Structures are given as structure tokens and as C-alpha cells.
Ligand code: BES
Ligand code: MN
Ligand code: MN
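Residue numbers (our numbering): 102 to 563.
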């Protein structure tokens, strides 16, 4: 595999520059103002896949943004790897908190990335990580080392819930048939601590609306005599956690998988420094469910968080008013074996039931998805483990993540295949935040490691 290293060294500047070009297109799926840019990004991904060596690449239309599908079938009797990624990105807001414009990528050194990091929306999540696969594929093609078949499915609606991908997968089972699914859309513990993500949390996302009087009222004339929707909403939200930070929705924990003491002890072995964690976030203490460590709270335990809350007057100065309405957006991160639709229903029933007289409450379910846990005794995991051993000189640590990629559970259901999550991002890369970045070292390490996965997976499948 010396050729891998040689080819990478010769082409790394171009690999970086191509990613920078891709990052210049603002493919924000949540905001219709960027719809043409999202479509242009799909075209750019198609071109990249063709240039890298796919035999065919199609732009598959959906009710929303298209899915880019490409493949290279060298021999139907060999194993097939299906690579999934997304070309859409989160909105860049709040823009003023960026040190450089989100869609004008720049390379800057940071303490963690002395080799430089590319700063742009989508640098890590997921254009950078997705593009590692395109370049690793190019590298295998150009050095004549592709050992098996490859299919790429790169979607444009991950950040808005992948609402049309399920139908596409269900309607294209044959086309997408594979032996393993490979995704880089997660992270690793640290640059010198490689890890493989073995779990993702599920999600239930809802919006709530509390209505009091039929119009905004003078807070002196009416104050004290009618329900104030903002007071009521905040009180209702506060009641969703008890003094131990346990969620109070009846039935919420019924299906939560409780890990054995052995499993928890194994988790606790992963390197974690609480002081550094607090320092990185500028907090004087952590906060969460009683009886669980920080790493457990953000991976094997479910959560309920307000993501946004609004209502009333927030302009300059003061306005004495009781607003007619108050709103909040709430996410619940779920763990195996909670069913997201059931949790949404439990939330709705409970939230409506705790509304006091004097207001009406509407709960609007948004999207959601199931969590996922991948076994570590299969060829996919073993191949990934060997790949990291080769390029990092260390055995990767299996680690459950707190984030969600809802489509992974659906892949298992529709395609009966396991997913291997080889993430190369770091928690400090600020995905979804201002100043998102992706280390150049991480990007190149990913490109270097992926071909070894293909090699080992093919060998183990024999
Ligand atoms: N790539 C992330 C998910 C992720 C990041 C998982 C880091 C593990 C580690 C993905 O793009 C994402 O942001 N997913 C959303 C869910 C979706 C339904 C909007 C999320 O987790 O909020
Ligand atoms: Mn992502
Ligand atoms: Mn994301």
C-alpha cells in the first residue's frame, strides 16, 4: 500500500483545494433562499464522483433535494461497500459570530490543529468527511487498488431530517444492495485517540405553542388576572425535569436500555478529562441526570432540551405587554429501544395534560428517528479496527455518540445491512456552530485510512 501514501502526498494540495471549492457553495438545506446552491452542490458532487472514477453517476430527484448516486462495480461476486454522506449543511447563523465568512473557506492554525484547519460551514459536517471518501476512492482507482465494488449515496437533506431518503431507499433496495455501509459523519475522541462510533441517539423534535388571550394585552390593565402564556410555558417546561434532572414525562424511560455495570465500566475506560471539558466550554461545572457520568449523559441516556423559545416583546427598551402567544422548539435525544413516534406521542399527551386552565396548548411534531447501536463482532467493525491500527498505530476505542443520523436505523431495516461509522472530526470542530472547521491532518488521515478499510473488509469477506 506504499502507493497510497505516495499518491496522497503528491495530490494532497489538490485534495484540499477541491474541498475548499465545494465549501464555497452555500448548500443550506433549511433555508429556501439557498435552493439553487443546494442543487448546484449536487451537480458538483456528481462531477467529483465521475472524475474520481465512478462508471455511472445519477442525480436522483426526490420531493425535496436530490440524492447523488454513483457506483463502480468491478466484479459482482466481490463485496460491495455503500458510502453514505450528505452535501447539505446547517445554516451559518449567527453570521456575526464567525471570524471569517462561512462560505469563504480559510485555513488557519489552532492549538489542536497546528497543521491547519479549514474554516467554513460544512468543513467537517459533512462535506469534508464525505469528500474524504471521494478522494480515497480516487486514490484506489488511480493506483489500481480498489479491491471491491463501491456505491455512493450522497444526500442533500440530512440536516433537515432526511424526509425523502426513506422512500428512496425503500424504492431502490436492489440498486443500493450492499455488504456494509460506511459513513464518516461523526467524530473521534482525539487525534491520538482513534475511536469508532458504535451508537447514535434517536431523536424526537417538537414545537409547542401556548395561547392565552386573543390579543396582546396591557400588562397593567390585565396583569395578574389572565394567564400569561410566557409564564405558563416556562413553568410547564421547567416541570419536565425533576430535581435529579430526570425527565418527568410518564412512560418516557419505559423502553430505555439499561447498560450492565460491565458495559458502563468499559465505557468509563475511554480517556476523558473533566477539567479540560469544562475549560473548553468555559463552564464552572457540568450538569445533568443524577447517577450518570458526563460520557453516559451524552450518549447512553435520553435527554429533553429546549432549542429555542420566543414570545412577547424583545425589541429595544421596555414594553409593558402580556403576549397572546409563546412558543418553544424542543428536542428529545433518544436511546435504544425508545421508539421516536411513541415518545413524540407521550410528550404530546403529557404536555397538553399539564396545561393550566386559561391557555390552550398545541404540540406540533417535527421530524424524528431511531437510535442505532452497531455490534463490534462483525467484519465491518474488524476491518475498520485494522485500518485504524495501520494508520494510527493504535487500536480504536468503540464509543457511542450522542448525535443522530436517523437514516442509519432505516438502512438496517430496509437494506438489512450494518453501518460502520468512521468519523474523523473532533468535538472541538464546532459543527453546527460559528467557526466550524476540519483539521487538514484529520482530512488527510481519513483519506489515508479509508482504503485500508476496503482492503481488510474484502479480505475478511472471503
Ligand atoms: N453529523 C451529524 C450527526 C453527528 C455528529 C453524530 C457528530 C455524531 C457525532 C448530523 O449531520 C446531524 O447534525 N444530525 C442531526 C439530526 C438531524 C435529524 C437533523 C442532529 O444530530 O442534530
Ligand atoms: Mn452530518
Ligand atoms: Mn449536522
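All C-beta atoms in this analysis are idealised placements derived from N, C-alpha and C, irrespective of residue type, glycine included.
Model, not experiment: these values are computed from the prediction.
Between which residues of its own chain and residue i is the CB-CB distance below 7 Å, once the five residues before and five after are set aside?
i: residue 477; result: 299, 499
i: residue 275; result: none
i: residue 114; result: none
i: residue 562; result: 180, 280, 480
i: residue 453; result: 462, 464
i: residue 200; result: 536
i: residue 238; result: 153, 154, 251
i: residue 528; result: 288
Using DSSP bridges, identify the partner residues of residue i.
i: residue 520; result: 282
i: residue 434; result: 304
i: residue 409; result: 430
i: residue 312; result: 426, 461
i: residue 157; result: 172
i: residue 391; result: The partner list for residue 391 (beta bridge, DSSP) is empty, contrary to what the question assumes.
i: residue 253; result: 171, 184
i: residue 474; result: 300
i: residue 318; result: 423
i: residue 538; result: 220
i: residue 129; result: 190
i: residue 262; result: DSSP, once it has assigned bridges, lists no residue as partnering residue 262.
i: residue 509; result: According to DSSP, which records beta bridges pairwise, residue 509 is partnered with nothing at all.
i: residue 348; result: 342
i: residue 526; result: 288
i: residue 294; result: 291
State the start and end residues of the unbroken alpha helix (DSSP H) segment that holds residue i.
i: residue 377; result: 375 to 382
i: residue 153; result: 136 to 153
i: residue 557; result: 541 to 561
i: residue 218; result: That residue, residue 218, is in no alpha helix (DSSP H); its beta strand (DSSP E) goes 218 to 220.
i: residue 229; result: 228 to 243
i: residue 191; result: Neither: residue 191 is in no alpha helix (DSSP H) and is coded neither H nor E.
i: residue 441; result: 441 to 454
i: residue 492; result: 480 to 493
i: residue 267; result: 266 to 272
i: residue 362; result: 362 to 369
Could you please give the first and the last residue of the uninterrupted beta strand (DSSP E) stretch that includes residue i?
i: residue 500; result: 498 to 501
i: residue 289; result: Element bounds for residue 289: n/a, residue is neither H nor E.
i: residue 342; result: No beta strand (DSSP E) contains residue 342, which DSSP labels as neither H nor E.
i: residue 106; result: Per DSSP, residue 106 belongs to no beta strand (DSSP E); it is in the alpha helix (DSSP H), 103 to 124.
i: residue 470; result: 461 to 470
i: residue 207; result: 207 to 209
So, at 6 Å on beta carbons, what are the nonlocal neighbours of residue i in its own chain, with the 5 sequence-adjacent residues on each side left out?
i: residue 156; result: 173
i: residue 553; result: 488, 491
i: residue 125; result: 204
i: residue 456; result: 462
i: residue 241; result: 247, 552
i: residue 208; result: 217, 219
i: residue 184; result: 234, 253, 283
i: residue 449; result: 464
i: residue 387; result: 395
i: residue 170; result: 159, 161, 254
i: residue 226; result: 532
i: residue 121; result: 206
Can you determine whether any heavy atom of ligand 5 sits closer than 7 Å to the C-beta of residue i, and answer yes or no?
i: residue 262; result: No copy of ligand 5 appears in this structure; the ligands present are ligand 1, ligand 2 and ligand 3.
Taking CB distances under 8 Å as the criterion, tell me whether residue i reaches chain C.
i: residue 265; result: Looking for chain C here will not work: only one protein chain is present.
Practice item. Decide yes or no for the touch test of the region 414 to 432 against the region 306 to 315: beta carbon pairs closer than 8 Å, at least 3 of them. Key: yes
Check your understanding: ligand 2: which residues have Cβ under 6 Å from any of its heavy atoms, chain order?
Key -> 187, 226, 227, 259, 286
Check your understanding: Below 8 Å, can you find three or more Cβ-Cβ pairs linking the region 248 to 267 to the region 477 to 497?
Key -> no
Check your understanding: Can you find at least 3 beta carbon pairs, one from the region 517 to 534 and one from the region 145 to 154, that sit closer than 8 Å?
Key -> no
Check your understanding: Is the region 432 to 439 in contact with the region 354 to 363, if contact means three or more CB pairs nearer than 8 Å?
Key -> yes
Check your understanding: With a cut-off of 8 Å, do at least 3 Cβ pairs link the region 186 to 199 to the region 260 to 273?
Key -> yes
Point to revise | the region 194 to 206 in contact with the region 238 to 248 per 3-pair CB rule at 8 Å | key: no
Review point. Quick check: the region 268 to 277 against the region 160 to 168, are there 3 or more CB pairs under 8 Å?
Key: yes
Practice item. May I ask you to verify whether the region 210 to 224 touches the region 528 to 543, counting CB pairs closer than 8 Å and requiring at least 3? Key: yes
Review point. Just checking, does the region 384 to 399 make contact with the region 303 to 311 on the three C-beta pairs under 8 Å criterion?
Key: no
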